[in-house]
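Data block below; observations after.
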Amino acid sequence: MSLAIDALLVVQSIVVFLLAGYEYLTLMHFPALPENALVAPDRSMVSIILPVRNQANTASECVTSLVGLDYPQKEIIVVDGNSTDGTQEILKSFDGKIKIVEEEPLPQGWVGK
Numbered sequence: 118m119s120l121a122i123d124a125l126l127v128v129q130s131i132v133v134f135l136l137a138g139y140e141y142l143t144l145m146h147f148p149a150l151p152e153n154a155l156v157a158p159d160r161s162m163v164s165i166i167l168p169v170r171n172q173a174n175t176a177s178e179c180v181t182s183l184v185g186l187d188y189p190q191k192e193i194i195v196v197d198g199n200s201t202d203g204t205q206e207i208l209k210s211f212d213g214k215i216k217i218v219e220e221e222p223l224p225q226g227w228v229g230k
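Its first residue numbered 118, the sequence shown is counted upward by one per residue in the working numbering.
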């Protein structure tokens with residue numbers, strides 16, 4: 118019985134989607150904001166803090182994305198938790214674009230990010 122109800126809900130959702138129109142659901146018909154509405158003269162500084170540990174496989178893509186943000190007043194602080202897989206070398210390749218903070222080693226038996 119539950120399977121039949123689930124199937125009916127799926128069919129109902131598809132019908133509503135088709136009747137409403139995809140473009141309305143994706144907000145295509147809303148007017149664009151004026152160009153001057155996107156510029157705020159007094160944008161505040163934003164600090165983005167990214168904790169990493171042994172993330173050599175994703176660190177470069179993540180930091181590249183953060184550096185590419187078009188917000189003018191930002192600082193990117195990457196906190197490295199004693200990585201041992203080459204993450205530190207990847208972070209150092211972004212010298213001048215990010216601030217790197219290296220954590221002190223944790224006491225014996227402690228676990229961190």
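A virtual CB, placed ideally from N, CA and C, is assigned to each residue, including glycine.
Residue nearest to E192 within the set F211, S200, N174 is F211 (criterion: CA-CA distance).
For L186, there is no enclosing beta strand (DSSP E), as DSSP marks it with neither H nor E. Q190 is the residue among L186, Q190, C179, R170 whose C-alpha sits nearest the C-alpha of V163.
Taking a 10 Å sphere around the C-beta of T204, we find 16 or more other C-beta atoms and assign the residue as buried. S164 sits in a strand when the DSSP states are folded into three classes. Per DSSP, E206 is one residue of the alpha helix (DSSP H) stretching across 204 to 209. For E219, the three-state secondary structure derived from DSSP is strand.
Put simply, the backbone Cα of A176 is about 25 Å away from that of P224.
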